[in-house]
Structure formats: C-alpha cells, structure tokens
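Worksheet for the structure shown next.
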Amino acid sequence: MTSLNTRRFLKVAGLIAAGLWLAACSKQEPASPAAAPAAAPAAKVYVVGTDAAYAPFESQNERGEIVGFDIDIVKAIAAKAGMEVKFVNTPWEGIFNSLNQGDRDLLVSAITITDERRQSMDFTEPYFDAVQLIAVRKDSPVTKFEDLKTLKVGVQTGTTGDEVVTQLLGKDNTNVRRFESTPLALKELESGGVDAVVADNGVVNHYVANNSTAAFKTVSDSSFAPEQYGIAVRKGNTELLAKLNEGLAAIRADGTYDRIYAQYFGAPAAAGAASK
Ligand code: ARG
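Each residue of the sequence shown is one higher than the one before, counting from 878 in my numbering.
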C-alpha cells in the first residue's frame, strides 16, 4: 500500500512538474520575437492626403503621379525637416476624417484655415493667400457676387466656396449645386447646367487659362474675405507641426519657396502673392 501511494505521489508530482515546465515554456514564447535583435527601425514615412483634382495646387499628371504647387512645397519642407513623405490621393469629402482616423498624417490640399476647422485639427503657419473668384460663361450678365442670388451656382461640396454661396443663396436653396470636385463643377458650367461656379482664385484662373474652349470669364468681388492655406495635422500633434513650421520657415528663408512660387504663378508680385 505504502509503496503504491509513493509511486502514485511521484507520478502526480512528475506530471505537475512537467505541466509547470510546459507552461513556463509556452509563456516565454510570445516574448521571444520581441527579444530578438531588431533590425534598424525603418524611417517613418509620413502619409500626406491630398485631393488631387485642384490644379495647379494638386493634380495627377498623365503618368498618374500627384504633382503641383502644394506637392512641391511639402516635398521641400520634408527635405529640410529630414522627413520622408508619401502622397495619397484622397477625396475632399473624406479628407478631414482620414486625418482624424489616422489614415493620413498630414493634409495639403489648398486647405483654407478657418476657425471652424481649427476646432478639429491644427494648421501650420499660412503658406498661401487666396480669395474666392466667380467663373461665368463669357456672355453672362453677372458683374458681382450678389447677381448669383437667383442663379444656379456650382461649388465643390464642403469648401469655402460652398460656404459663401450657401450663405448668399440660403441653406435649403436647390440652386446651390454641389459637386465632388471643382473640375466637375466647371464642366457643368461649360455645358450650361449651372450659371456660375465659385471657387478659389488660383484654381479658377488656372482653369480659365488652360481651357480656352470653355469660353469663361472671371468676376471678382470685394466682399469675399481673404483666405490663407495651411497644412493640417491631427489636433495636438505638436511634434509634427513644429517640424513642418520649421521646414516652411527654412524654405522661405533660403529662396526655395519663391522659386517654387515663380514656377507656378510667375513673379511673386502677381495676384495671389504668398503671405510672409
Ligand atoms: N480652399 C478651399 C477650402 O479650403 C478649397 C480647397 C479644395 N481643395 C482641393 N484640393 N479640392 O475649402
């Protein structure tokens, strides 16, 4: 009896010991990959969201590459700040969400700095001055913004152009025609679906200059408030914001900004001169 009990005891004890040993081994396993000598950490690539249908600020060339003034500015800033950047075409309507959800690290998209947007994101120092501009067909009687009150007006949804037109025509006015992109609104002006388009001056001027068959003219109005573009980062991302602001200051100081500006808009004294 005694020896049987002893044998049983030894067997149970052995099983327990084996179990503990296995448990200890399996517990260690998840830890081991982390403990393995890590390769040099890959440099962070900052993902830049941009709605690339807004020439000359951002658009896609024949090869599908994202190009434009904003792109060159961010590339130059990144070079100064020692950052690696990658541009991802991002529809305007989802662009701010893509930033807040972490899918994009920063946005450059001719974004006007507004108090409302400042509530949900942070902006760099301004890098470009803009103002709304009206596009109409050449035979249009429109001479001022007020004249649009009874007309069909195309805007890009959720832009500052949308805001001013909605304010003039009224929130529920079906004459405010909202489009996914500004080029789509301008196409609609060409085909007669709308009587005017209101958008940023740089983009309207560029379109009119490059689409002579569209037969448009522009109408400015002193009631439009001055706007400034900023690069957006997630609210509270002070580290990235500081890098971008330092890079921006550096490209202004060494003439890089002026060189890029002249490439797209001619002499710095031209309309839409950059704020300093
Ligand atoms: N500046 C205007 C705004 O911030 C329009 C910007 C539209 N940008 C674009 N890439 N589609 O509302």
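Built from N, CA and C at the ideal position, the CB exists for glycine as well.
- Query: Exposed or buried, what is residue 1038 when buried is set at 16 or more other beta-carbons lying within 10 Å of its beta-carbon?
  - Reply: By the neighbour-count criterion, in which a residue is buried when 16 or more other Cβ atoms sit within 10 angstroms of its Cβ, residue 1038 is buried.
- Using CA coordinates, which residue listed in 1130, 1011 and 1009 is at the minimum distance from residue 953? Among 1130, 1011 and 1009, the Cα nearest to that of residue 953 belongs to 1130.
- Over what stretch of residues does the alpha helix (DSSP H) that includes residue 1138 continue unbroken? Residue 1138 -> alpha helix (DSSP H) spans 1133-1142.
- Task: Would you tell me roughly how many angstroms separate the C-alpha atoms of residue 994 and residue 1017, rounded to the nearest one?
- Result: Approximately 34 Å between the Cα atoms of the pair.
- Message: Given the structure, does residue 1236 come close to the ligand ARG, in the sense that its CB is under 6 Å from one of the ligand's heavy atoms?
- Response: There is no way to answer for residue 1236, as the model of the chain reaches only from 878 to 1153.
- Taking 7 Å as the cut-off, decide whether the C-beta atoms of residue 1108 and residue 989 are in contact. Not in contact: residue 1108 and residue 989 (Cβ atoms no closer than 7 Å).
- Query: What first and last residue would you give for the beta strand (DSSP E) that runs through residue 946?
  - Reply: Where residue 946 is concerned, there is no enclosing beta strand (DSSP E), although the alpha helix (DSSP H) it sits in stretches over 946-958.
- Message: Using DSSP's beta-bridge definition, name the partner residues of residue 966.
- Response: Within the DSSP bridge table, the entry for residue 966 names 927 as partners.
- Query: Going straight from the alpha carbon of residue 899 to that of residue 922, what length do you get?
  - Reply: In this prediction, residue 899 scores a pLDDT of 46, lower than 50, which makes its location untrustworthy; the coordinate-derived value is nonetheless stated afterwards. Looking at the two C-alpha atoms, the distance is approximately 42 Å.
- Message: Looking at the ligand ARG, does it come within less than 6 Å of residue 1133, judged from the CB to the closest heavy atom?
- Response: Shortest gap from the CB of residue 1133 to any heavy atom of the ligand ARG: 6 Å or more.
- Where DSSP assigns a beta bridge to residue 1053, which residues make up the other side? Paired residue(s): 1030.
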